[in-house]
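With the first letter of the sequence shown counted as 1, position 31 gets the number 1055 in this note's numbering; the numbers rise by one all the way through. We put the CB at the ideal spot given by N, CA and C, even for glycine.
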Amino acid sequence: MPIFEYQCRACEQRFETLVRHGEQPQCPECHGDQLEKLLSAPTIGSGLPDTACGNAPSPMCGGGGCGGCQ
Ligand SMILES: [Zn+2]
1025 MPIFEYQCRA CEQRFETLVR HGEQPQCPEC HGDQLEKLLS APTIGSGLPD TACGNAPSPM
1085 CGGGGCGGCQ
């Protein structure tokens, strides 16, 4: 499932969220829905080798969240 990055136009909060088809994300800070969709580099399916921890490629890796990053 794709993760999109948004920035709230009201309070400028930046956040990442999973967006299911047909759902409108809300700002976690002010619950506004005036959101700017940011074009961040995809973290899933980039095809690049995982260099963050050297383990098998994981979509969570890179932020220390894959369990192999120390
Ligand atoms: Zn906001």
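{"Asked": "Status (buried if at least 16 other CB within 10 Å, exposed otherwise) for A1034", "Found": "exposed"}
{"Asked": "Any non-hydrogen atom of ligand 1 within 7 Å of Q1048 CB", "Found": "no"}
{"Asked": "Close beta carbons around C1097, own chain, < 6 Å, minus the five adjacent residues each side", "Found": "The chain is shown from 1025 up to 1094; residue 1097 falls before or after that span and cannot be answered."}
{"Asked": "Residue range of the unbroken beta strand (DSSP E) whose run includes C1032", "Found": "I1027 to C1032"}
{"Asked": "Exposure of L1063, with buried meaning 16 or more beta-carbon neighbours within 10 Å", "Found": "exposed"}
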